[in-house]
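**Q** I have a structure I would like to understand better, so I am pasting it below and will then ask my questions one at a time.
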Amino acid sequence: MATGPPPDEADGEGLHSDSLAADRLAADPTSGAIAPPHITSEPAFHHIPVLGAEVLAGLAVKPGGRYLDATAGGGGHSRLILEAAPDTQLVALDQDEQAIAAIRANLAEFGDRVSVCHTNFSAYDPGAIRFDGILADLGVSSVQFDQGDRGFSFRHAAPLDMRMNRHQPLTAADIINTWDEVELANLFYRYGEERLSRRIARRIVEQRPFETTTELAEAIARSVPPAYRHGRIHPATRVFQSLRIAVNDELNVLETFLNRSPAWLMPTGRLVIISFHSLEDRLVKHTFRAAPALRVITKKPVQPTDAELSANPRARSAKLRVAERIAETAPELPPKLNR
Numbered sequence: 015m016a017t018g019p020p021p022d023e024a025d026g027e028g029l030h031s032d033s034l035a036a037d038r039l040a041a042d043p044t045s046g047a048i049a050p051p052h053i054t055s056e057p058a059f060h061h062i063p064v065l066g067a068e069v070l071a072g073l074a075v076k077p078g079g080r081y082l083d084a085t086a087g088g089g090g091h092s093r094l095i096l097e098a099a100p101d102t103q104l105v106a107l108d109q110d111e112q113a114i115a116a117i118r119a120n121l122a123e124f125g126d127r128v129s130v131c132h133t134n135f136s137a138y139d140p141g142a143i144r145f146d147g148i149l150a151d152l153g154v155s156s157v158q159f160d161q162g163d164r165g166f167s168f169r170h171a172a173p174l175d176m177r178m179n180r181h182q183p184l185t186a187a188d189i190i191n192t193w194d195e196v197e198l199a200n201l202f203y204r205y206g207e208e209r210l211s212r213r214i215a216r217r218i219v220e221q222r223p224f225e226t227t228t229e230l231a232e233a234i235a236r237s238v239p240p241a242y243r244h245g246r247i248h249p250a251t252r253v254f255q256s257l258r259i260a261v262n263d264e265l266n267v268l269e270t271f272l273n274r275s276p277a278w279l280m281p282t283g284r285l286v287i288i289s290f291h292s293l294e295d296r297l298v299k300h301t302f303r304a305a306p307a308l309r310v311i312t313k314k315p316v317q318p319t320d321a322e323l324s325a326n327p328r329a330r331s332a333k334l335r336v337a338e339r340i341a342e343t344a345p346e347l348p349p350k351l352n353r
């Protein structure tokens, strides 16, 4: 993982982008200003399941199986699992209160086959329950991006929030308006892989405080060379990704979940992870390979088909990896104590 920003002259070619760039907004070449679309109302919390058929194949859903949807969102993947085989049981988790309400409404028809829990997947404790399959669909849902008050996107003016769990204290505004220039540059480079991180951090410190997403995005666009404003993604995309990761401690939370979740599986149970940017995918790949209790099923990540991308362009960055819990071995007995 990158540890510090390179010189400002680096060109930034070949870097990944995440789903924040799904609807790229053109920045004015002179001012860097962006014109957000008018948002008339909050969207309903629904969930278009990415890689649905591939998830079911990866989980190897079977009749009477017990499954954990660790990031249930609006319940799209959960519904697929429940409908894939008779008598399946499912535990649905999410840290977003609005998502929890949507899950309960959207999956009410399945009755006691579904258990819903409001928690972050890294903090979940299944107790004695063991699962035949676990799914985690990482990142921010389309609904969270589209909501006008969450601050995940610069498509419309919103407070610099970015909290998936609104009860946690740290916001994107806290980071942007209080961290020093070096801390910001390191953050943008480490979590956004932004090659112009120093230049952007310098401009932010000079112009802060910032209150809204569009104010910040425009300042970032003005801080970079004109040619950089017309690239494949908006120049603020990587900065917004890094802020979201930091606010929600996403990589540390994911690492905790990846280390704990194999113990929640039955022998031959499957762990399926969908990631949306290279930092997540790299962590999943390396953890799967290093975990003594897991056998990697997907040597290379599974990605959406052209047909799925035509129907759901926001799926384009998705990568799915699968690992299987190996058969348990008898634990070693402790050595006898000398008496």
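Here my numbering is used: the first residue of the sequence shown is 15, the next is one more, and so on.
We treat Cβ as the ideally placed atom computed from N, Cα and C, and that holds for glycine.
Bear in mind that the values here come from a model prediction, so they are computed numbers and not experimental data.
Among F271, A277, L210 and H170, which one has its Cα closest to the Cα of L107?
**A** Counted from its first residue, the sequence shown places residue 107 at position 93. That would be F271, whose Cα lies nearest to the Cα of L107.
**Q** Using the rule of at least 16 other Cβ atoms within 10 Å of the residue's Cβ for burial, across every protein chain shown, is E197 buried or exposed?
**A** Taking the first residue of the sequence shown as position 1, residue 197 is located at position 183. E197 comes out exposed.
**Q** For the beta strand (DSSP E) containing D82, name the first residue and the last one.
**A** Position 68 of the sequence shown, counted from the first residue, corresponds to residue 82. The identity of residue 82 in the sequence shown is Leu, whereas the question assumes Asp. It spans R80 to D83 - the beta strand (DSSP E) in which L82 sits, taken as one unbroken run.
**Q** With a 10 Å radius around its C-beta and 16 neighbouring C-beta atoms as the bar for buried, classify V286 as buried or exposed.
**A** In the sequence shown, counting from the first residue as 1, residue 286 sits at position 272. Answer is buried; the Cβ neighbour count reaches 16.
**Q** Starting from D295, follow the alpha helix (DSSP H) in both directions and report where the run begins and ends.
**A** Indexing the sequence shown from 1 puts residue 295 at position 281. S292 to A304 is the span of the alpha helix (DSSP H), which, as asked, contains D295.
**Q** Please state whether DSSP places L184 in a helix, a strand or coil.
**A** Here residue 184 corresponds to residue number 170 of the sequence shown, with the count starting at 1. In the structure shown, L184 sits in coil (DSSP, three-state: anything other than H, G, I, E or B).
**Q** Taking the alpha-carbon positions, what's the E322 to T226 distance?
**A** The sequence position of residue 322 within the sequence shown is 308, counting from 1. The sequence position of residue 226 within the sequence shown is 212, counting from 1. Cα-Cα distance, rounded: 34 Å.
**Q** Alpha carbon to alpha carbon, how far is F166 from F254? Give it in angstroms, no decimals.
**A** Translated into the one-based positions of the sequence shown, residue 254 becomes position 240. Translated into the one-based positions of the sequence shown, residue 166 becomes position 152. Cα to Cα, F254 sits roughly 7 Å from F166.
**Q** Here's a check: name, in chain order, each residue in its chain whose Cβ is nearer than 6 Å to the Cβ of F124, leaving out the five neighbours to either side.
**A** For this step, residue 124 is matched to residue 110 along the sequence shown. Excluding sequence neighbours, F124 sits near L96.
**Q** For Q103, count the other beta carbons within 10 Å of its own beta carbon; 16 or more makes it buried, fewer makes it exposed. Which is it?
**A** Start at 1 with the first residue of the sequence shown, and residue 103 comes out as number 89. Classification of Q103: buried, given that the 10 Å Cβ count is 16 or more.
**Q** With 16 as the cutoff for other CB atoms within 10 Å, does R180 come out buried or exposed?
**A** Taking the first residue of the sequence shown as position 1, residue 180 is located at position 166. The residue is exposed, with fewer than 16 neighbouring Cβ atoms inside 10 Å.
**Q** Can you list, in chain order, the residues of its chain whose CB lies under 7 Å from that of R330, leaving out five sequence neighbours each side?
**A** By one-based count along the sequence shown, residue 330 stands at place 316. Result list for R330: P318 and L323, in chain order.
**Q** Considering only residues of the same chain and omitting the five flanking positions on each side of I114, which have a CB-CB separation below 7 Å?
**A** Taking the first residue of the sequence shown as 1, we reach residue 114 at position 100. So the list reads D108, V130 and H132, once near-sequence residues are dropped.
**Q** Give me the Cβ distance between G88 and A122, rounded to the nearest whole Å; I'm assuming they're in contact under 8 Å.
**A** For the purposes of this step, residue 88 is taken as residue 74 along the sequence shown, with counting starting at 1. For the purposes of this step, residue 122 is taken as residue 108 along the sequence shown, with counting starting at 1. 13 Å between Cβ atoms; not a contact.
**Q** What does the alpha-carbon distance come out to for the pair F290 and V154?
**A** Counted from its first residue, the sequence shown places residue 290 at position 276. Counted from its first residue, the sequence shown places residue 154 at position 140. Each residue's Cα considered, the two are about 9 Å apart.
**Q** Consult DSSP for R335 and reduce its assignment to one of helix, strand or coil.
**A** On the sequence shown, position 321 is the one that residue 335 refers to. If DSSP states are grouped into helix, strand and coil, R335 belongs with the strands.
**Q** Quick test of your reading: S237 and R217, contact by CB under 8 Å. State the CB separation rounded to the nearest angstrom.
**A** Here residue 237 is taken as the residue at index 223 of the sequence shown, counted from 1. Here residue 217 is taken as the residue at index 203 of the sequence shown, counted from 1. Contact flag correct, Cβ pair sits at about 4 Å.
**Q** Please state whether DSSP places F224 in a helix, a strand or coil.
**A** Mapped onto the sequence shown, residue 224 falls at position 210. Coil at F224, not helix or strand.
**Q** Is S92 near V267, with beta carbons less than 7 Å apart?
**A** As a position in the sequence shown, residue 92 is number 78, starting the count at 1. As a position in the sequence shown, residue 267 is number 253, starting the count at 1. Taking 7 Å as the Cβ cut-off, S92 and V267 do not qualify as a contacting pair.
**Q** Report the three-state DSSP secondary structure of F145 (helix, strand or coil).
**A** Mapped onto the sequence shown, residue 145 falls at position 131. F145 falls in the strand class under three-state DSSP.
**Q** In terms of residue numbering, what span does the beta strand (DSSP E) encompassing D320 cover?
**A** In the sequence shown, counting from the first residue as 1, residue 320 sits at position 306. Counting along the chain, D320 falls outside any beta strand (DSSP E), though it belongs to the alpha helix (DSSP H) covering D320 to A325.
**Q** Do the region 186-206 and the region 255-265 meet, that is, are 3 or more Cβ pairs less than 8 Å apart?
**A** yes
**Q** Going by alpha carbons, who is nearest to G147 out of A84, A304 and A250?
**A** Stepping through the sequence shown from its first residue, residue 147 is reached at position 133. Nearest Cα to G147 within the set A84, A304 and A250: A84.
**Q** Hey, how far is the Cα of N191 from the Cα of T228?
**A** For this step, residue 191 is matched to residue 177 along the sequence shown. For this step, residue 228 is matched to residue 214 along the sequence shown. If you take the alpha carbons of N191 and T228, they lie about 15 Å apart.
**Q** For R309 versus I340, is the C-beta spacing smaller than 7 Å?
**A** By one-based count along the sequence shown, residue 309 stands at place 295. By one-based count along the sequence shown, residue 340 stands at place 326. Closer than 7 Å, so yes.
**Q** Quick check on Q103: does DSSP put it in helix, strand or coil?
**A** In the sequence shown, the residue the question calls residue 103 occupies position 89. Looking at Q103 - three-state DSSP - the assignment turns out to be strand.
**Q** Give me the residue from G79, W278 and T282 with the minimum Cα distance to G141.
**A** Residue mapping note: residue 141 aligns to position 127 of the sequence shown, counting from 1. Out of G79, W278 and T282, W278 has the C-alpha closest to the C-alpha of G141.
**Q** Are the beta-carbon atoms of A98 and V75 separated by less than 7 Å?
**A** For the purposes of this step, residue 98 is taken as residue 84 along the sequence shown, with counting starting at 1. For the purposes of this step, residue 75 is taken as residue 61 along the sequence shown, with counting starting at 1. Cβ distance < 7 Å, so A98 and V75 count as in contact.
**Q** Going by DSSP, which residues form a beta bridge with D151?
**A** The count along the sequence shown starts at 1 and reaches residue 151 at position 137. Its beta-bridge partners are I288.
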